[in-house]
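Undergrad: The structure that follows is given in the form of structure tokens.
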Amino acid sequence: MDDSEEIAPAVQSILDAARERGGSGDRVSVTPRSLPDAFDAAAVDGRTPVVAEIKPTSPTADGERTDDPVALARQMVEGGAAALSVLTEPDHFGGSAATLEAVRDAVDVPVLRKDFILHEAQLDVVEADVILLIVRFLEADGTDDLADLLTAARERGFQVLVETHTAAEVEKALAADADIIGVNNRDLGELAVDLGTFEAVAPDVPEGVTLIAESGIQTADDVTRMRDAGADALLIGSAIMDHDAATDVEANTRRLTRANTDAAETTTTDT
-2 MDDSEEIAPA
8 VQSILDAARE
18 RGGSGDRVSV
28 TPRSLPDAFD
38 AAAVDGRTPV
48 VAEIKPTSPT
58 ADGERTDDPV
68 ALARQMVEGG
78 AAALSVLTEP
88 DHFGGSAATL
98 EAVRDAVDVP
108 VLRKDFILHE
118 AQLDVVEADV
128 ILLIVRFLEA
138 DGTDDLADLL
148 TAARERGFQV
158 LVETHTAAEV
168 EKALAADADI
178 IGVNNRDLGE
188 LAVDLGTFEA
198 VAPDVPEGVT
208 LIAESGIQTA
218 DDVTRMRDAG
228 ADALLIGSAI
238 MDHDAATDVE
248 ANTRRLTRAN
258 TDAAETTTTD
268 T
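Going by my numbering, the first residue of the sequence shown is number -2, and it counts up by one from there.
Right under this line is the structure:
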């Protein structure tokens, strides 16, 4: 990674910690719930396909949610989430493999393991339906190759969400044979969020690849904007979870999964 691609200090700290974490020693084998099928089922049901994220805290958020993550997961699914994302990074996000395991046992939707995987051994921590590989992080010295990690993950049964931020990273993801690509609206160099990132990068993702818009999606208008730009699904954390214990997670999820449907119903009524 060259100097023009510097990572924010908070993110670099997360990566440094990730390098020290290994796997369980036992090779994981997974029979996954299909993420694309879950998105299709949501769309047929009139819901915007949303991956709702269980994230107790983060370096970019104030406060911490201490609610039972299983209860939160059930509320998100009741609110219409097509899939869930569970943080397993312990030091900066308050996540754990045990939390993911408990959540996955409690729901019937696909569950993404959200973590910073840099080496093959880190795949063997916990069963999940989907794991995350971030192109930018796998370009650094001392990490495994993206294509090799993607293959190793699939050999274990995982589906793989490959996260990008630029057109060049999309090209690398496609060269590695990614079939589920996320575009992160957050710049990991400055931690700034710009929904225009997805709009600029989405046209570089070919038909047939499942495309997910990530970060910065707060309102029904944001949902519509990302869907209009070509998002098959949306990964939403803060707008659903918040870090105020009084926040109604089920209502927040429903507000965003029903955004396009509600807009269409309003238009029909008005005309």
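No residue lacks a Cβ here, since even glycine has one placed at the ideal position from N, Cα and C.
What residue does the alpha helix (DSSP H) around isoleucine 177 start on, and which one ends it?
TA: If you number the sequence shown from 1, residue 177 lands on position 180. Isoleucine 177 -> not in any alpha helix (DSSP H); beta strand (DSSP E) instead, spanning 177 to 181.
Undergrad: May I ask which residues mark the beginning and end of the beta strand (DSSP E) holding leucine 244?
TA: The residue given as residue 244 occupies position 247 in the sequence shown. It should be pointed out that residue 244 corresponds to threonine in this sequence rather than to leucine. Per DSSP, threonine 244 belongs to no beta strand (DSSP E) and is neither H nor E.
Undergrad: My guess is that isoleucine 177 and leucine 32 are in contact by the Cβ rule of under 8 Å, so how many angstroms apart are they, rounded?
TA: Position 180 of the sequence shown, counted from the start, is the residue given in the question as residue 177. Position 35 of the sequence shown, counted from the start, is the residue given in the question as residue 32. Their Cβ separation, rounded to whole angstroms, is 6 Å, which keeps isoleucine 177 and leucine 32 in contact under 8 Å.
Undergrad: Taking 6 Å as the limit between beta carbons, can you name the residues of its chain near arginine 101, skipping five residues before and five after?
TA: Your numbering for residue 101 matches position 104 in the sequence shown. Counting only Cβ-Cβ distances below 6 Å, and skipping sequence neighbours, we find Val108.
Undergrad: Using the three-state DSSP reduction, which class does alanine 70 fall into: helix, strand or coil?
TA: For this step, residue 70 is matched to residue 73 along the sequence shown. Here alanine 70 sits in helix by DSSP.
Undergrad: Under three-state DSSP, which class holds leucine 188?
TA: Residue mapping note: residue 188 aligns to position 191 of the sequence shown, counting from 1. Coil at leucine 188, not helix or strand.
Undergrad: Report the CB separation of lysine 169 from valine 122 in whole angstroms; it is logged as a contact under 8 Å.
TA: Position 172 of the sequence shown holds residue 169. Position 125 of the sequence shown holds residue 122. About 25 Å; that fails the 8 Å criterion.
Undergrad: If you follow the alpha helix (DSSP H) that leucine 171 is in, where does it begin and where does it stop?
TA: As a first step, residue 171 must be located in the sequence shown, where it is residue number 174. Looking at the DSSP string, the run of the alpha helix (DSSP H) that includes leucine 171 is 164 to 172.
Undergrad: Which residue wins for smallest C-alpha separation from leucine 253, given the options Ala226, Ala217, Ala228?
TA: For the purposes of this step, residue 253 is taken as the residue at position 256 of the sequence shown. Out of Ala226, Ala217, Ala228, Ala217 has the C-alpha closest to the C-alpha of leucine 253.
Undergrad: Going by beta carbon distance, what residues of the same chain come within less than 8 Å of alanine 248, once the five residues before and after it are set aside?
TA: One-based indexing of the sequence shown puts residue 248 at position 251. Same-chain partners within the cutoff: Gly76.
Undergrad: What span of residues does the alpha helix (DSSP H) with valine 78 cover, start to end?
TA: Taking the sequence shown and counting its residues from 1, one reaches residue 78 at position 81. A small fix is needed here, since residue 78 is alanine in this sequence, not valine. From DSSP, alanine 78 is part of no alpha helix (DSSP H); its letter is neither H nor E.
Undergrad: For aspartate 267, count neighbouring C-beta atoms within 10 Å of its own C-beta (all shown protein chains included) and say buried if the count is 16 or more, exposed if not.
TA: Numbered from its first residue, the sequence shown carries residue 267 at position 270. Since pLDDT at aspartate 267 reaches only 45, below the 50 mark, its modelled position is unreliable, and no value is offered.
Undergrad: Take leucine 69 as the anchor and find which of Ala49, Asp88, Ala79 has the nearest alpha-carbon.
TA: Walking along the sequence shown from the start, residue 69 turns up at place 72. Closest by alpha carbon: Ala49.
Undergrad: Output the distance between the C-alpha atoms of alanine 164 and glutamate 211, rounded to the nearest integer angstrom.
TA: In the sequence shown, the residue the question calls residue 164 occupies position 167. In the sequence shown, the residue the question calls residue 211 occupies position 214. Between alanine 164 and glutamate 211, the C-alpha separation is close to 15 Å.
Undergrad: Keeping to the same chain, check which residues put their C-beta closer than 6 Å to that of alanine 199; ignore five residues upstream and five downstream.
TA: Looking up residue 199 in the sequence shown gives position 202. Closer than 6 Å at the Cβ level, and outside the excluded window around alanine 199, lie Ala226, Gly227.
Undergrad: Please classify valine 127 as buried or exposed, where buried requires at least 16 neighbouring CB atoms within 10 angstroms.
TA: For this step, residue 127 is matched to residue 130 along the sequence shown. Buried is the call here.
Undergrad: Under 8 Å: do the region 175 to 189 and the region 155 to 162 share three or more Cβ pairs, one atom per stretch?
TA: Yes: the two stretches touch, three or more of their Cβ pairs being nearer than 8 Å.
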